[in-house]
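A short worksheet on the structure shown next.
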Amino acid sequence: MVEGRTREGFATVKSFLQQDPRAFRDLLHRIAQATIGYLKAQIAAGAAAVQLFDTWCGELALSDYEEFALPAVQEIIRGVTGAAPVIYYTKASHHLLPAVVQSGANVLGVDWRVDLAALRRLAGPRVAIQGNLDPALLYAPQDALRAKTSEILAQLGGVGHILNLGHGILPTTPIENAQLFIQTGQQTAFATNAAASVVR
2 MVEGRTREGF ATVKSFLQQD PRAFRDLLHR IAQATIGYLK AQIAAGAAAV QLFDTWCGEL
62 ALSDYEEFAL PAVQEIIRGV TGAAPVIYYT KASHHLLPAV VQSGANVLGV DWRVDLAALR
122 RLAGPRVAIQ GNLDPALLYA PQDALRAKTS EILAQLGGVG HILNLGHGIL PTTPIENAQL
182 FIQTGQQTAF ATNAAASVVR
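Just so we're on the same page, the numbering used here is the position in the sequence shown counted from 1, plus 1.
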C-alpha cells in the first residue's frame, strides 16, 4: 500500500512512520476497520475461527510495535471478540513477544525461532499456542523430521497447543513428509490422551 511492492527493509514505510506518525496511525486504524468488516463477513459465512497474519512485524523495534502495530491489532481483535476465536500469527517476533501476548488473541501463532515453553510462561495458561516446525525441515530425512516434531510437541505436553508449521508450506515439499508430520502429531496426541486416561 505504501511501498508499491514488497521491498527489503521497508524504508518508505518506516520513513512514513517516523515523519508523520499521526497519519500512519490513521492509516492503520482504517486498515483495522476494513479488516474487522472482512473478518465479520468470514464469520457470518461460517468461519469457525479467524487468523491474522502479521508476517512483517519482526521488522519493527519493540517500541514501534507497541506504539503503532499493537494498537491496530488490538482494535481488530476487540472488533470480533465473541464472534469467533482469533489466532494471531507473528513472524520473526521473538523480540516482540512481551507485547504480542497483550494482543487479546485466543491463540498465538509463532515461527520456528520461538521456544514454545518460554512463550507459554509469558502468555499464561488461558492462551493457546500454535506452531512451529520450520517448513524447511519437511525436506529432512524422515527420522529427523519425526524427532523434531516430537521435540516441538514435548515443549507444551499437548496442552493448549495447535501443532503447525512455523510459516507456509514450501511448494516443492515432499507430500510423504507432510503426511509424516501430521501422523507424528496424531500419534503423539493419541499416546498423550491414553496416558492421561490411565492416570485418571
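Ideal placement from N, C-alpha and C gives every residue a C-beta, glycine not left out.
Less than 7 Å separating the Cβ of residue i from some heavy atom of the ligand MG?
i: Gln19; result: Ligands displayed in this structure: none; no statement on the ligand MG is therefore possible.
Going by the DSSP bridge assignment, what does residue i pair with across the sheet?
i: Phe54; result: Tyr90
Identify whether residue i lies in helix, strand or coil by the three-state DSSP scheme.
i: Leu1; result: Past the edges of the chain, shown from 2 to 201, lies residue 1, and the structure says nothing about it.
i: His162; result: strand
i: Gly59; result: helix
i: Leu171; result: coil
i: Arg26; result: helix
i: Thr7; result: coil
i: Ala49; result: coil
i: Glu152; result: helix
i: Ser198; result: Residue placement at Ser198 cannot be trusted, given a pLDDT of 41 that sits under 50; the coordinates are not used to answer.
Taking the alpha-carbon positions, what's the residue i to residue j distance?
i: Ala106; j: Ile77; result: 10 Å
i: Ala35; j: Glu60; result: 23 Å
i: Gly125; j: Gly159; result: 15 Å
i: Ile183; j: Asp112; result: 17 Å
i: Gln19; j: Gln143; result: 48 Å
i: Arg114; j: Ala24; result: 33 Å
i: Thr150; j: Val102; result: 24 Å
i: Ala46; j: Leu40; result: 10 Å
i: Arg147; j: Asn133; result: 14 Å
i: Ala84; j: Gln43; result: 10 Å
i: Ala179; j: Leu166; result: 10 Å
i: Ala197; j: Ala190; result: Any answer about Ala197 is weak, because its pLDDT of 44 lies below 50 and its placement is not dependable; what the coordinates show is given next. Looking at the two C-alpha atoms, the distance is approximately 10 Å.
i: Gly5; j: Ala73; result: 21 Å
i: Pro175; j: Ser104; result: 35 Å
Three-pair Cβ contact test at 8 Å for the stretch 169-179 versus the stretch 124-144: In short, these stretches touch, since the Cβ pair count reaches three.
Uninterrupted alpha helix (DSSP H) stretches inside the stretch 75-147 (no shorter than 4 residues): 98-101, 117-124
The stretch 105-121 in contact with the stretch 147-161 per 3-pair CB rule at 8 Å: yes
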